[in-house]
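Residues in the sequence shown are numbered consecutively from 1, following the UniProt record's numbering. Beta carbons: idealized from backbone N, C-alpha and C, even for Gly.
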Amino acid sequence: MPKSCVAVGCKNHNKMIQKVSFFTFPTRHRSPERRDKWLNAVKRQNVNGSRWSPSKHLVIGAEHFVTGKPNKDPCHPDYVPSIFNFGSKLQKHKSKRSLERYEALQKRRGQKQAIVPAGEEDISEVSDEPKDPSDNQTTDAVPMLQRLTDDNISLREEVNNLRQKLENNACFGTPIIENNDTKSKFFTGLSWEVFTKTFEFLYQFIVKDKTTGEASKISLMNQFFITLVRVRQDLSFLLIAHLSGCSESLIHLYFWKWIDIMVAKLAFLIRRPDPGALSQSLPNSFRASFPKLTCIIDCFEVFIEQPKHLKARAQTYSQYKRHNTFKVLIACTPLGAVSFLSSAWGGRVSDVELVRKSGFLSSRLHDPGDQILADRGFTMQDDFALQCSVELIIPAFTKGKTQLSAKEVEQSRKMASVRIHVERVIGLLKNRFKILQGTLPVHMIQSISDYQSKSEKSSVDRILTVCASLLNLGDCIVFKKDPKETC
Numbered sequence: 001m002p003k004s005c006v007a008v009g010c011k012n013h014n015k016m017i018q019k020v021s022f023f024t025f026p027t028r029h030r031s032p033e034r035r036d037k038w039l040n041a042v043k044r045q046n047v048n049g050s051r052w053s054p055s056k057h058l059v060i061g062a063e064h065f066v067t068g069k070p071n072k073d074p075c076h077p078d079y080v081p082s083i084f085n086f087g088s089k090l091q092k093h094k095s096k097r098s099l100e101r102y103e104a105l106q107k108r109r110g111q112k113q114a115i116v117p118a119g120e121e122d123i124s125e126v127s128d129e130p131k132d133p134s135d136n137q138t139t140d141a142v143p144m145l146q147r148l149t150d151d152n153i154s155l156r157e158e159v160n161n162l163r164q165k166l167e168n169n170a171c172f173g174t175p176i177i178e179n180n181d182t183k184s185k186f187f188t189g190l191s192w193e194v195f196t197k198t199f200e201f202l203y204q205f206i207v208k209d210k211t212t213g214e215a216s217k218i219s220l221m222n223q224f225f226i227t228l229v230r231v232r233q234d235l236s237f238l239l240i241a242h243l244s245g246c247s248e249s250l251i252h253l254y255f256w257k258w259i260d261i262m263v264a265k266l267a268f269l270i271r272r273p274d275p276g277a278l279s280q281s282l283p284n285s286f287r288a289s290f291p292k293l294t295c296i297i298d299c300f301e302v303f304i305e306q307p308k309h310l311k312a313r314a315q316t317y318s319q320y321k322r323h324n325t326f327k328v329l330i331a332c333t334p335l336g337a338v339s340f341l342s343s344a345w346g347g348r349v350s351d352v353e354l355v356r357k358s359g360f361l362s363s364r365l366h367d368p369g370d371q372i373l374a375d376r377g378f379t380m381q382d383d384f385a386l387q388c389s390v391e392l393i394i395p396a397f398t399k400g401k402t403q404l405s406a407k408e409v410e411q412s413r414k415m416a417s418v419r420i421h422v423e424r425v426i427g428l429l430k431n432r433f434k435i436l437q438g439t440l441p442v443h444m445i446q447s448i449s450d451y452q453s454k455s456e457k458s459s460v461d462r463i464l465t466v467c468a469s470l471l472n473l474g475d476c477i478v479f480k481k482d483p484k485e486t487c
């Protein structure tokens with residue numbers, strides 16, 4: 001197809017004996033500013049005086065560029081054609097001087113050509129000469145094949161790295177706490193070593209299911225991690241699902257699955273220590289006044305949502321807390337380890353009734369002659385003496401007396417100094433596992449599945465068991481004052 005230069009006064013075309021190169025104009029969509037500069041340089045107008053606009057088939061010759069072809073660098077003189085017949089010799093001289101200054105500048109910068117945005121590479125050279133396929137194969141195909149091969153390898157490596165990150169849930173999973181005790185304690189309440197050892201112990205009891213699809217997104221260790229995060233930081237299931245990149249229902253499934261596993265395999269941590277070991281490890285602050293002390297008991301309450309059922313609302317309302325709560329009996333050893341934890345009862349129940357219904361008076365949990373410390377509300381010395389031959393020690397009352405005797409005052413003072421351990425254990429339990437600090441929803445107390453499966457433990461009982469078991473994996477709450485003292 002014949003091609004001729006559109007510059008005013010130029011007679012070059014592609015049928016000439018001397019071959020001349022021709023170039024298309026920049027497109028309106030990709031380089032509108034450069035196209036306007038080219039049209040202003042050509043200075044063509046329509047018959048009616050309006051601005052001339054070329055079609056995609058119109059071209060301009062190489063003679064109108066200083067170097068014989070357009071350049072992609074906006075600072076280069078050939079970014080826009082500058083040599084025309086209507087221009088003076090001075091204009092041609094200026095164009096050459098501009099090229100010399102550009103080359104000198106590039107030489108000072110230590111580069112031959114400036115980096116140009118890919119969006120401006122829209123000017124093509126028009127030629128009617130047939131191309132030799134062999135030349136293309138030797139000059140273009142081999143480098144392009146090598147370049148495509150390198151790109152393919154790099155893309156495969158990137159895909160594998162992203163897949164590995166997705167499997168490990170690097171954004172929210174065990175990698176963020178690995179070998180870092182501070183972060184591990186913050187997210188899970190356990191040091192990194194205790195966390196890994198606990199997981200390895202529970203892993204041997206995991207029955208691998210054949211679940212496919214979304215359930216395979218999170219590894220078993222990360223499932224264990226998000227379960228502890230839910231208990232430790234009281235994050236909502238929706239937030240954990242968002243951070244983990246899976247559905248909220250799947251997080252529910254993982255949470256209760258691992259709670260059940262920990263209840264079944266870690267509940268043995270909540271038990272009465274061996275009498276011999278308990279006697280040997282008794283702190284010095286207890287030995288003088290309470291040599292046969294085995295535990296300290298108390299009750300604590302946790303807020304819950306107001307139930308819709310009126311009877312349940314009345315049974316859970318606590319006059320002491322002025323809120324709907326559940327109440328739990330807890331016993332701890334002199335060293336601060338949880339040795340007994342009752343089921344959750346409505347906040348209306350009294351401390352005495354809770355002890356009687358919890359099974360704590362069973363003779364299997366005590367030896368004759370043992371001593372137990374309690375608060376004034378546990379007026380059950382006769383019950384403990386008759387049913388399990390245990391001495392229950394509580395502070396003295398002023399009821400019917402004008403004042404306490406000196407012996408009673410001294411005894412109450414000694415009791416208060418050591419009975420504070422159970423308060424510290426309760427405070428540590430709530431502070432370490434923030435799920436017990438807020439207001440628990442009703443479905444976390446006892447869910448429909450608990451009724452359907454006729455489970456011995458309700459949902460809240462399982463959560464309490466897990467919290468107490470994990471608390472016993474932590475450090476002793478009694479500080480060493482004497483290097484010879486065992487703790």
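- Following the DSSP letters along the chain, one finds residue 179 in no beta strand (DSSP E), marked with neither H nor E.
- In this structure residue 24 touches residue 59 by the C-beta definition: roughly 6 Å separates them, less than 8 Å.
- Taken atom to atom, the span from the alpha-carbon of residue 345 to that of residue 426 is near 17 Å.
- With a minimum length of 3 residues, the unbroken runs of beta strand (DSSP E) contained wholly in the stretch 7 to 63 fall at 22 to 24, 59 to 61.
- Put simply, the backbone Cα of residue 223 is about 22 Å away from that of residue 429.
- Note that the C-beta distance between residue 297 and residue 416 is not below 8 Å.
- Between the C-alpha atoms of residue 320 and residue 326 there is a straight-line separation of about 12 Å.
- One alpha carbon belongs to residue 31, the other to residue 156, and they sit about 34 Å apart.
- In the three-state scheme derived from DSSP, where H, G and I count as helix and E and B as strand, residue 467 is classed as helix.
- If you draw a straight line from the Cα of residue 334 to the Cα of residue 235, it is about 33 Å long.
- DSSP places residue 327 outside any alpha helix (DSSP H); the residue lies instead in the beta strand (DSSP E), whose first and last residues are 323 to 332.
- The straight-line gap separating the alpha-carbon atoms of residue 281 and residue 300 is approximately 26 Å.
- In this structure, DSSP gives residue 106 a helical state, which the three-state scheme calls helix.
- One alpha carbon belongs to residue 351, the other to residue 328, and they sit about 9 Å apart.
- Excluding the 5 residues flanking it on each side, residue 461 has same chain C-beta neighbours closer than 7 Å at 343, 344, in chain order.
- Nearest to residue 218 by alpha-carbon distance, out of 228, 254, 192, 239, is 254.
- Within the same chain, 187, 188, 235, 240 come within 7 Å of residue 229 by CB-CB distance, once the 5 residues on both sides are set aside.
- Annotation for residue 248: the continuous alpha helix (DSSP H) segment containing it runs 248 to 266.
- Across the structure, residue 226 and residue 467 are spaced so that their CA atoms are roughly 15 Å apart.
- Remark: C-beta atoms of residue 397 and residue 365 do not approach each other more closely than 8 Å.
- Residues of the same chain with a CB within less than 7 Å of the CB of residue 419, apart from the 5 flanking positions on each side, are 296, 373 in chain order.
- For the 8 Å CB-CB criterion, residue 338 and residue 431 do not form a contact.
- Excluding the 5 residues flanking it on each side, residue 371 has same chain C-beta neighbours closer than 7 Å at 290, 292, 293, 294, 391, 393, in chain order.
- Counting of Cβ neighbours within 10 angstroms places residue 68 among the exposed residues, the total staying below 16.
- Of the candidates 52, 405, 173, the residue whose Cα lies closest to the Cα of residue 220 is 173.
- Residue pairing for residue 297: DSSP places it in a beta bridge opposite 331.
- Between the stretch 259 to 269 and the stretch 187 to 205 there are three or more inter-stretch CB-CB distances shorter than 8 Å, so the stretches are counted as touching.
- The three-state reading of DSSP puts residue 355 in helix, counting H, G and I together.
- Its Cα nearest to that of residue 421, the residue 286 stands out among 302, 286, 38, 242.
- Under DSSP, residue 5 shares a beta bridge with 59.
- Around the beta carbon of residue 324, 16 or more other beta carbons sit within 10 angstroms, so the residue counts as buried.
- DSSP places residue 339 inside the beta strand (DSSP E), whose first and last residues are 338 to 341.
- Going by beta carbons, residue 383 and residue 356 fall inside the 8 Å limit.
- Comparing alpha-carbon positions, the option among 145, 303, 46 lying closest to residue 441 turns out to be 303.
- Boundaries for residue 445: no beta strand (DSSP E) harbours it, while the alpha helix (DSSP H) harbouring it runs 442 to 445, taken from the DSSP string.
- Within the same chain, and ignoring the five residues on either side of residue 274 in sequence, no residue has its Cβ closer than 8 Å to its Cβ.
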